[in-house]
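Beneath this line is the structure, given in structure tokens, with notes to follow.
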Amino acid sequence: MFNIENTKIQNIDHLGIVAGIVDSIGLVEIINNFVPQEQSEKVSAGHVVKAMILNGLGFVAQPLYMFPKYFETIPCEHLLGEGIKPEYLNDYKLGRVMDKLFIKGLSSIFLAISINVIQKFKISTSTSHLDSSSMHVHGEYKSSFPEVIFEKSKGKKNLKKQKDEEGQEEKELGNENIESKQAINITYGYSRDHRPDLKQFLMQLISSGDGDIPIFFQSASGNQVDSSCFGEIAANYKKQINFDSLVVADCALYTEQNIEKMSGIKWLSRVPLSINEAKLLVSTIPESEFLECELKGYLYVAKRVTYAGVEQRWLVVQSQERKKSDLEKLSKKIVESFEKTKRDLKKLSLEEFACEADAVKALSKLSEKFKYHQILESQVTTIKSKKQKLPSNQQATVYQISATFTENEDKINQDTLSAGRFILATNVLSESELPNSVMICEYKAQQSCERGFSFLKNPSFFADSVYLKSPERIEALAMIMGLSLLVYTLAQRQIRLALYESQLKIKNQLGKLIDNPTLKWIFQCFQSIHLVTFNDEKQISNWNQDRDLIIKLFLQDCHRYYQVLI
51 MFNIENTKIQ
61 NIDHLGIVAG
71 IVDSIGLVEI
81 INNFVPQEQS
91 EKVSAGHVVK
101 AMILNGLGFV
111 AQPLYMFPKY
121 FETIPCEHLL
131 GEGIKPEYLN
141 DYKLGRVMDK
151 LFIKGLSSIF
161 LAISINVIQK
171 FKISTSTSHL
181 DSSSMHVHGE
191 YKSSFPEVIF
201 EKSKGKKNLK
211 KQKDEEGQEE
221 KELGNENIES
231 KQAINITYGY
241 SRDHRPDLKQ
251 FLMQLISSGD
261 GDIPIFFQSA
271 SGNQVDSSCF
281 GEIAANYKKQ
291 INFDSLVVAD
301 CALYTEQNIE
311 KMSGIKWLSR
321 VPLSINEAKL
331 LVSTIPESEF
341 LECELKGYLY
351 VAKRVTYAGV
361 EQRWLVVQSQ
371 ERKKSDLEKL
381 SKKIVESFEK
391 TKRDLKKLSL
401 EEFACEADAV
411 KALSKLSEKF
421 KYHQILESQV
431 TTIKSKKQKL
441 PSNQQATVYQ
451 ISATFTENED
461 KINQDTLSAG
471 RFILATNVLS
481 ESELPNSVMI
491 CEYKAQQSCE
501 RGFSFLKNPS
511 FFADSVYLKS
521 PERIEALAMI
531 MGLSLLVYTL
541 AQRQIRLALY
551 ESQLKIKNQL
561 GKLIDNPTLK
571 WIFQCFQSIH
581 LVTFNDEKQI
591 SNWNQDRDLI
601 IKLFLQDCHR
611 YYQVLI
């Protein structure tokens, strides 16, 4: 007979997909190789990281200190492993695991996992996209482990006893040599989030052109400038991978110092128009020289240039859509410039000068600020000052200047010609190896990093508001955020690839059949799925034909969480 006391109903929703992808990556095993489980520990570091990814991709915005509460509502042992209980995933345990990950080297751990993904899932690495973004935080930060005291002893630091995850006194964490481990600086800097009032850190990401899979992820100090580090990142990335890849980045990569550091690396970058040669090129090439591109809406002109001692291929690109937008903005700027010039000249005409030379000098200085206009005619007049009086109570003679102005046709023509244009540069000189149209396509694919940052900054993501107490743990959390992005993008690539190969389609939010769904929509399709346990027997509730079709498109590691047999 049915007994409510013997029945347990827990939410599984889309978390079975997340857990299955984590298993297929081998993430738990790789992390446990870096951070072996101690005999006294009830949960391994790998399982803790898996739990944090489940929490992060649960899209419920649960903070880390709510971990035990969060896992009370979902089948913890079913998703993580037999014997793993919610109370084991407390803030002590999470903090200690993040400390250990930091000591072992966060970038090395991430790269080991991503390289395994590339090899196992045959991710194309022909191109790699590099970019960075900022993540703001609240509060003050100092570079030291919270609740941890280090003492120097013969070149090493020993950790004093502290409470472990069960609240008991534990033995030393270990004699790890961490002298070389320097935490990032949480500080003020240029904010991409438009929050200059808050401290921040940077996330630096290299993702594949195939599926937006993050390959390399690391954190940096909040005041670091992209142009000062992108070349070094690309060089270090090349040293750690064993495949040839074209590194694609925005104009922050294109500096003399970075180009010198990237010797032996194939790269593609946008050229900043602050470089005089680039600025002159986009504003002087006539329309007649541009060639039609295979990519609709684009024209280009190819040039050979030597910059920073490296011979390069420059591609002056003209986007028809962007040109239209730029010309509209230019028209508005000219009108605004006209009104401002008119006001400034009127204000100047009311000023009084001691001599004619001062008046002419003031007009010359003002005209230097004009962007789209220039002085046509000027006239200096003498008047009796209404402000100044001589000792004999007579009015002083002063000078005033008035002027008319007209449009600066040369400047307007330059900006009109430059509208919609930008320059791409590469050290791949052979067009057969990297065709001109492919250069444009690869640069447009730079949005893969932007999509990744947009995902990480989503308000529903668990680290949208960073609240940890130390830079070391923030840095560790950022790496786990990157792993969550890796799991998400890999799962999305997997289902799209399966739909393409099987020639199947599924319905989107509007009921239209598509073959490129977002993983977030797939997650929504798996809402209200429960694991029902009755008399130690487990069953999946609310299962239907549509969900069965979708789950079979995923890897077999995902099937067992929903008790699906193929």
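Everything in the sequence shown is counted per the numbering used here, starting at 51 for the first residue and increasing by one.
Ideal Cβ positions, reconstructed from N, Cα and C, are used throughout, including at glycine.
The ligand ADP and residue i: does the residue's C-beta get closer than 8 Å to at least one heavy atom of that ligand?
{"i": "V410", "result": "No copy of the ligand ADP appears in this structure; indeed no ligand is present at all."}
Looking at residue i: is its Cβ nearer than 9 Å to the Cβ of residue j?
{"i": "L161", "j": "I291", "result": "yes"}
{"i": "F604", "j": "G70", "result": "yes"}
{"i": "K415", "j": "S387", "result": "no"}
{"i": "K373", "j": "A302", "result": "no"}
{"i": "V98", "j": "V147", "result": "yes"}
{"i": "V351", "j": "F340", "result": "yes"}
{"i": "I124", "j": "S591", "result": "no"}
{"i": "Q574", "j": "V582", "result": "no"}
{"i": "A409", "j": "Y449", "result": "yes"}
{"i": "F84", "j": "S164", "result": "no"}
{"i": "K170", "j": "I75", "result": "yes"}
{"i": "D344", "j": "S487", "result": "Note that residue 344 is Glu in the sequence shown here, rather than Asp. It is a contact, given that the beta carbons lie within the stated cut-off."}
{"i": "F472", "j": "D63", "result": "no"}
{"i": "M531", "j": "L569", "result": "no"}
{"i": "K353", "j": "G314", "result": "no"}
{"i": "Q496", "j": "A299", "result": "yes"}
{"i": "I168", "j": "T177", "result": "no"}
What is the DSSP secondary structure of residue i, counted as helix, strand or coil?
{"i": "E500", "result": "helix"}
{"i": "Y422", "result": "coil"}
{"i": "K207", "result": "Unreliable positioning characterises K207 in this predicted model, as indicated by a pLDDT of 36, which lies under 50. The coordinate reading is nonetheless provided below. K207: strand per DSSP, three-state reduction."}
{"i": "V355", "result": "strand"}
{"i": "N61", "result": "strand"}
{"i": "K519", "result": "coil"}
{"i": "F573", "result": "helix"}
{"i": "Q595", "result": "helix"}
{"i": "E401", "result": "coil"}
{"i": "S176", "result": "coil"}
{"i": "K305", "result": "Here the sequence assigns Thr to residue 305, which means Lys is not the residue at that position. Three-state result, T305: coil."}
{"i": "V478", "result": "coil"}
{"i": "I579", "result": "coil"}
{"i": "K382", "result": "helix"}
{"i": "E197", "result": "Residue placement at E197 is poorly supported in this model, since its pLDDT is 36, which falls under 50; the coordinates are not used for a value here."}
{"i": "I473", "result": "strand"}
{"i": "T568", "result": "coil"}
{"i": "S552", "result": "helix"}
{"i": "E88", "result": "coil"}
{"i": "I315", "result": "coil"}
{"i": "S94", "result": "coil"}
{"i": "S295", "result": "coil"}
{"i": "A407", "result": "helix"}
{"i": "Q613", "result": "coil"}
{"i": "Q169", "result": "helix"}
Which term fits residue i, buried or exposed, when burial requires 16 or more other beta carbons within 10 angstroms of its beta carbon?
{"i": "G598", "result": "A small fix is needed here, since residue 598 is Asp in this sequence, not Gly. By the 10 Å Cβ count, D598 comes out exposed."}
{"i": "F251", "result": "buried"}
{"i": "L330", "result": "exposed"}
{"i": "F293", "result": "exposed"}
{"i": "R363", "result": "buried"}
{"i": "P246", "result": "exposed"}
{"i": "C405", "result": "exposed"}
{"i": "E229", "result": "For E229, the predicted structure reports a pLDDT of 39, less than 50, and the residue's modelled location is therefore unreliable. A value from the coordinates is still provided. Counting Cβ neighbours within 10 Å, E229 comes out exposed, since fewer than 16 surround it."}
{"i": "E525", "result": "buried"}
{"i": "T305", "result": "buried"}
{"i": "G359", "result": "exposed"}
{"i": "T539", "result": "buried"}
{"i": "G66", "result": "buried"}
{"i": "G259", "result": "buried"}
{"i": "E483", "result": "exposed"}
{"i": "L527", "result": "buried"}
{"i": "L618", "result": "Because the chain is modelled from 51 through 616, residue 618 falls outside the range shown and cannot be assessed."}
{"i": "K392", "result": "exposed"}
{"i": "K418", "result": "In the sequence as displayed, the identity of residue 418 is Glu instead of Lys. The residue in question, E418, is exposed, as its Cβ has fewer than 16 Cβ neighbours within 10 Å."}
Does the CB of residue i have a neighbour CB from chain D at under 9 Å?
{"i": "Q89", "result": "Protein chain content of the structure displayed is limited to a single chain, and chain D is not contained in it."}
- Query: Where in the segment 103 to 148 do unbroken runs of the alpha helix (DSSP H), each at least 4 residues long, occur, reported from the N-terminal end onward?
  - Reply: Whole alpha helix (DSSP H) segments, 4+ residues: 117 to 122, 126 to 130.
- Could you say if the segment 268 to 279 and the segment 232 to 251 meet the contact criterion of at least three C-beta pairs nearer than 8 Å? Segments in contact, yes.
- Every unbroken beta strand (DSSP E) within the segment 225 to 293, with a cutoff of 3 residues, ordered by chain: 250 to 258, 264 to 271
- Does the segment 172 to 189 come within contact of the segment 254 to 267, defined as at least 3 CB pairs closer than 8 Å? Output reads yes: the segment 254 to 267 touches the segment 172 to 189.
- Would you mind listing the alpha helix (DSSP H) stretches within the segment 321 to 379 that are 4+ residues and don't spill past its ends, in chain order? 326 to 334
- Message: Measuring CB atoms only, is the segment 308 to 315 touching the segment 446 to 465, in the sense that at least three cross pairs come out at less than 8 Å?
- Response: no
- Task: Please determine if the segment 141 to 160 and the segment 484 to 499 are in contact, where contact requires at least 3 C-beta pairs separated by less than 8 Å.
- Result: no
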